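Numbering-wise, this note's numbering comes out as the position in the sequence shown, counting from 1, plus 47. Note that beta-carbon positions come from the ideal geometry of N, C-alpha and C, so glycine has one too. Just so it is clear, the structure is predicted and the values come from calculations on it, not from any experiment. Notes follow once the structure below has been shown.
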Amino acid sequence: MTKQELLKKMLIEPKELILKEGTFKKDKNAKVFTNIDTDFSYLLELAGFAGKTENVYYDLGGTYVIAIGEKDVDLAEVDFYDDEEYFMDINGDNLVIASATVGGALLGLKAFIRMSEELGEMPQMTIQDYPNIPFRAVHTCVFRPDDGSEKEESHPEYIKKMIKTAAISGYNHIFVEFWGMFPYSLDYAHWPNAYTKEEIEDLVSFAIDKMHITPIPAQNLTSHAGWSRIITRKHTVLDQRPDLEDMYIPGGWCFATENPKTKEFIKTLIDELIAMFRNPPYLHCCCDKCFGFGSTEEDRTMSADVLFAKHISFLNSYLSEKNVRMVMWGDMLYSSMDALYWKCNEKTADLLPKNILINIWTHNNPGKNWQDAAYFEEKGFETVYSPFINEESIESMVEVCRNRGSHGMVQTTWHKPQTAVPYVILTGALQWCGKRPEEDVRKNFADTWYK
């Protein structure tokens, strides 16, 4: 197989690849030597190795190593440009993967897993690779299955399929947004048929302990306050506890943010999400579609713009106390395309803390002219971009993200997670190498990993 033929079979084209003579003589029972304390036995199983793992101290200046078949490794000539960069050497019956970080080494192992499926018989070769985009995430939702809306399957077992697909295609985060389906201790804060604590713990454990990808909780803490989609008109809390209506604006779409009971309620939700997700680095507070924000009697003492800024700052301050970074959709602050009764003043963004990570989500597709990033970044925010199931948007957003040096990408799947799988795979590849993979490679990858 020539190098060109090899690259055509690969989802992600490595930045450096040296092809050698011969093929990898894989011994599935070969011993695994490593200086990584994290248990990555599940990934080894996916890679087809069943040998015992032995911890070895490598004096390699902080380099983390996975060596299969050969205990002694020499990495004197290897330098790492990026924290997630990995080095892979396949030589005879030996495999060495190394990185400056544990995460980078495990990304290298995932790359080996991916390539083993793509190439079948692995050539002997040396690879060095790192992603073009630092923060790479998939956003997926957990809906009530019987809420009366049209949607695809979002049971936790299907979320696991998405986690595996994302991890093997090079993502490092996955957002899980709950729509009345998180098992909060307050029984009225979720639907009676919500998933159990054990089911969500299992989901989080699968992401962290097996696929080594960071799961991030997402919960709308400003609007969509019924945690139901618009077309259902169901309200998780008020359908069960109408006596709590003073915690919301009339109709329940947004929280009455000045109500002390509302603030305590939201703090409880935040605490339980953080605990379940094992102190995640981020929490997505959503904050989109704020129809009628600030329309309760106690909230009318100040403008909706000020109320919105106050509430966002409250969420951010509380999360900061927990060492968690707040993420929010930026559309209400920028395009306000969803504003029915209140359009946020464009200066409101100036009032917000700049440590908030702005997630750019728009319903339009301006081709390559995504001005949202410049709008927020020039105000001092970091941004992540969110395309949906549109290849032009995906390619242009990844390009803008890389050219601007923005924080990263969050590929959305919303109510169509199964339809979105090929788009998740495309974004995963483009974030690493900027090159569109062959259609049959994408299809084969989906058939292999999303199952």
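- Unbroken alpha helix (DSSP H) runs of no fewer than 4 residues, entirely contained in the segment 411 to 488, are found at 419 to 424, 438 to 451 and 464 to 480, following chain order.
- For Ile263, same chain residues with a beta-carbon under 8 Å away, outside a window of 5 residues either side, are Ala184, His220, Ile221, Phe222, Val223, Phe324, Pro327, Pro328, Tyr329, Leu330, His331 and Val374 in chain order.
- Comparing alpha-carbon positions, the option among Glu438, Trp389 and Glu429 lying closest to Phe338 turns out to be Trp389.
- The straight-line gap separating the alpha-carbon atoms of Ile215 and Arg372 is approximately 26 Å.
- Pairwise C-beta distances place the segment 73 to 82 in contact with the segment 102 to 120, as three or more of them are shorter than 8 Å.
- Taking the C-beta atoms as reference points, Gly116 is found nearer than 7 Å to Asp140.
- When beta bridges are read from the DSSP output, Trp376 appears opposite Asn406.
- CA-to-CA, the gap between Lys55 and Val445 works out to about 21 Å.
- In this structure, Gly377 places its C-beta atom within 7 Å of the C-beta atom of Ile405.
- Residue range Val149 to Leu166 is occupied by the alpha helix (DSSP H) that includes Leu166.
- Apart from sequence neighbours up to five positions away, the residues of its chain that approach Met172 with a beta-carbon distance below 7 Å are Leu64, Ile65, Leu66, Lys67 and Ile137, ordered along the chain.
- Taken atom to atom, the span from the alpha-carbon of Phe190 to that of Gly452 is near 34 Å.
- Here Tyr89 is exposed: its Cβ has fewer than 16 other Cβ atoms, across all protein chains shown, within 10 Å.
- For Tyr133, the enclosing beta strand (DSSP E) covers residues Tyr133 to Asn138.
- If the five residues before and after Leu91 are omitted, its C-beta is found closer than 6 Å to no C-beta atom of its own chain.
- Between the alpha carbons of Ile180 and Glu292 lies a distance of about 44 Å.
- According to the DSSP assignment, Ala114 belongs to the beta strand (DSSP E) that extends over Tyr111 to Ile115.
- Inclusion of Leu153 and His237 in the CB contact set at 7 Å is not warranted, their separation being larger than that value.
- Within the same chain, Cβ atoms closer than 6 Å to the Cβ of Leu166 are found at Lys56, the five residues on either side in sequence being excluded.
- Between the segment 301 to 310 and the segment 231 to 247 there are fewer than three C-beta pairs closer than 8 Å, too few to call the two in contact.
- According to the DSSP assignment, Asn141 belongs to no alpha helix (DSSP H) but to the beta strand (DSSP E) extending over Asn141 to Ser146.
- Burial check for Tyr422: the Cβ neighbour count within 10 Å reaches 16 or more, so the residue is buried.
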